[in-house]
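Protein chains: 2
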Amino acid sequence: MDITPVTRTAVSDVVFGQLVAEILSGRLAAEEALPGERELAERFGVNRHAIREALKRVQQSGLVRISQGGKTRVLDWRANAGLDTLSQLVSAGALPPLQILRDIAEMRRSVAADAARLCAERASDEQRAAVLAAAESYPTDSASIADTFGPDMDFWTAVIEGTGNVAYRLGLNTLVAGFTEVGWQTVVDLGLGEEYVDRDAHIDLARLIVDRDAAGAHRLAEELLGRTVARIAAAIKE
Amino acid sequence: MDITPVTRTAVSDVVFGQLVAEILSGRLAAEEALPGERELAERFGVNRHAIREALKRVQQSGLVRISQGGKTRVLDWRANAGLDTLSQLVSAGALPPLQILRDIAEMRRSVAADAARLCAERASDEQRAAVLAAAESYPTDSASIADTFGPDMDFWTAVIEGTGNVAYRLGLNTLVAGFTEVGWQTVVDLGLGEEYVDRDAHIDLARLIVDRDAAGAHRLAEELLGRTVARIAAAIKE
DNA sequence: CGCAGCCCACTGGTCCAACCAGTTGACCTG
DNA sequence: CAGGTCAACTGGTTGGACCAGTGGGCTGCG
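Residue numbers (the working numbering), protein chains in the order written: chain R, 15 to 252; chain U, 15 to 252.
In structure tokens, the structure reads:
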């Protein structure tokens with residue numbers, strides 16, 4: 015027997031999801047006017063308040079412009095949406111999952127590589143020790159990719175924590191959210207993520223950081239994360 | 015006479031802002047329970063619906079966990095908030111503006127440098143031409159920093175557009191939003207942003223991109239944006 | 001006396017209905 | 001025909017009622 019916890023979804027969440035999908039997929043073009051709240055409420059078969067809760071969130075995402083008295087209009091999401099919208103792009107089916115995966119991997123590479131450098135440069139002794147400890151928590155060889163996800167998160171979180179850069183910290187959260195949305199089932203299927211299992215490389219990287227070898231840490235991190243980028247790029251080409 | 019357009023702020027926006035500020039500033043600690051919606055409505059002096067609209071957005075920002083029947087609890091924003099929360103950090107006064115500025119500048123450096131590389135590698139002819147055109151639109155010498163903001167945005171937008179990386183595109187939006195929130199008054203006051211005015215360097219960079227010199231473009235972009243990072247770092251030290 | 005189990009008070013979720021407040025354009029007036 | 005007026009939209013706000021989970025206190029059985 016396979017039990018999954020029931021997921022009770024709030025109506026406003028459903029409305030939000032559908033509106034976002036309409037916009038990101040381009041079915042609602044930029045500058046186009048949305049139906050009025052009352053009409054949306056009728057069409058969705060829900061109360062107007064639910065529509066408003068959803069609409070406010072769509073606005074927060076930078077996807078529409080709401081103005082009292084006037085109509086609510088769609089914005090060009092590429093020019094106005096924030097990085098947090100990344101994860102919605104997947105579920106909206108606006109872009110092929112593999113492309114989003116590649117984009118995430120590329121951003122991760124440059125951000126994490128720089129983080130490794132900064133961490134080596136200015137992290138405290140405790141923070142650098144934490145990085146090494148996280149690296150050593152990596153499972154040995156035979157572990158499956160799924161089992162490596164946790165330790166990998168811990169490792170990079172420790173590195174980024176060592177930089178003291180909030181933007182990197184929050185950016186990591188967003189990228190992980192986007193990645194999760196794509197689902198690492200895709201990752202497993204494609205045989206991506208060899209890098210994850212490379213325990214030794216992570217320990218080497220941690221040592222470089224502990225030794226304050228900023229340049230070396232930067233180089234190794236870039237190489238390490240570049241592997242994933244290359245794999246995805248290869249998968250796309252097929 | 016100095017006329018500023020009146021800004022009519024929705025009550026739910028005010029509530030949202032205050033709640034976010036309470037959380038980001040740490041006055042509401044993680045795992046702490048928020049007052050009930052009915053009590054919040056009474057304390058803010060607004061209707062419960064307004065509270066709910068705000069609360070839903072706070073949830074979307076990853077700052078609270080809402081559960082029907084149970085109480086709404088605060089989350090650890092460093093571990094759960096997305097990059098879009100960056101701009102709120104400023105207005106909430108959770109962190110010194112200069113630190114946020116530094117963090118943004120650092121992230122911009124690594125992202126934009128990588129974007130320059132990728133753009134040189136794989137942008138179409140039209141896209142690379144657009145980059146060059148944007149660079150040439152830079153004002154000459156005597157322009158003030160404020161006047162350079164527009165052209166600078168255009169230039170980097172063109173570069174990132176050339177990479178075809180959505181994550182970079184959306185990330186740029188978020189970083190700019192955060193930067194704007196800090197207010198470039200701070201930037202001007204500190205005499206930061208010499209880089210902005212360096213028209214020649216941008217044209218050189220554009221040429222490297224047009225010539226598909228990925229490594230060269232990466233190096234120059236990193237140097238160019240690194241100037242800002244260094245300036246801010248120096249300002250912080252004082 | 002101890003504890004299982006019920007029950008109610010409290011949480012958030014949804015709905016209905018009304019009214020306020022800007023925006024817009026059709027229409028009427030001079 | 002130019003101008004101003006006003007009514008019919010738009011979103012913004014309020015009140016109140018009720019549904020639906022949660023959790024702790026109380027009750028009553030063993």
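Here a beta-carbon is modelled for each residue, glycine too, at the ideal position from N, C-alpha and C.
Predicted model, so just to flag it, every value in this text is computed and none were measured.
Burial state of residue i (16 or more Cβ within 10 Å)
i                      : result
residue 78 of chain R  : buried
residue 21 of chain U  : exposed
residue 75 of chain U  : buried
residue 167 of chain R : exposed
residue 47 of chain R  : exposed
residue 93 of chain R  : exposed
residue 129 of chain U : buried
residue 82 of chain U  : exposed
residue 248 of chain U : exposed
residue 199 of chain U : exposed
residue 23 of chain R  : exposed
residue 197 of chain U : exposed
residue 17 of chain R  : exposed
residue 211 of chain U : buried
residue 202 of chain U : exposed
residue 185 of chain R : buried
Cut-off 7 Å between Cβ atoms - residues of its own chain near residue i, not counting five sequence neighbours on either side
i                      : result
residue 123 of chain U : 236, 239, 240, 243
residue 71 of chain U  : 30
residue 246 of chain R : 112, 115, 116, 119, 206
residue 44 of chain R  : 88, 89, 90
residue 68 of chain R  : 26, 29, 30, 33
residue 121 of chain U : 189
residue 161 of chain R : 153
residue 150 of chain U : 217
residue 52 of chain U  : 62
residue 220 of chain R : 145, 146, 149
residue 195 of chain U : 101, 104, 105
residue 125 of chain U : 182, 185
residue 127 of chain U : 232, 235, 236, 239
residue 38 of chain R  : 91, 102, 103, 106, 108
residue 204 of chain U : 249
Host alpha helix (DSSP H) of residue i (start-end)
i                      : result
residue 151 of chain R : Unbroken run through residue 151 of chain R: none, as it is neither H nor E.
residue 94 of chain R  : 91-94
residue 60 of chain R  : Note, residue 60 of chain R: premise wrong, no alpha helix (DSSP H); not H, not E.
residue 101 of chain R : 100-105
residue 114 of chain R : 111-136
residue 199 of chain U : 198-204
residue 159 of chain R : 159-177
residue 32 of chain R  : 25-38
Chain-order list of residues whose beta-carbon lies under 8 Å from that of residue i (same chain, five-residue window excluded)
i                      : result
residue 8 of chain R   : A question about residue 8 of chain R goes unanswered here, because the residues of chain R that appear run from 15 up to 252.
residue 55 of chain R  : 61, 62, 64, 65
residue 49 of chain R  : 57
residue 85 of chain R  : 47, 48, 50
residue 191 of chain R : 98, 100, 101
Cutoff 6 Å; reference residue i; Cβ partners in own chain excluding five residues on either side
i                      : result
residue 11 of chain R  : Residue 11 of chain R falls outside the range modelled here, since chain R spans only 15 to 252, and no answer is possible.
residue 152 of chain R : 165, 213, 216
residue 224 of chain U : 142, 146
residue 58 of chain U  : 29
residue 183 of chain R : 174
residue 177 of chain R : 129, 132, 133
residue 80 of chain U  : 73, 86
residue 35 of chain R  : 106
Pairing CB atoms from the region 126-140 of chain R with CB atoms from the region 164-184 of chain R, are three or more of them under 8 Å?
-> Flag = yes, the region 126-140 of chain R and the region 164-184 of chain R touch.
Using 8 Å as the Cβ pair cut-off and three pairs as the minimum, do the region 123-133 of chain R and the region 221-229 of chain R touch?
-> With a cut-off of 8 Å on Cβ pairs, the region 123-133 of chain R is in contact with the region 221-229 of chain R, counting three or more such pairs.
Mind pulling the alpha helix (DSSP H) runs of 4 or more residues that sit fully within the region 219-251 of chain R?
-> Complete alpha helix (DSSP H) runs here, min 4: 228-251.
Can at least three beta-carbon pairs, one atom from the region 91-107 of chain R and one from the region 139-150 of chain R, be found at a separation below 8 Å?
-> The count of Cβ pairs closer than 8 Å, one atom from the region 91-107 of chain R and one from the region 139-150 of chain R, stays below three, leaving the stretches out of contact.
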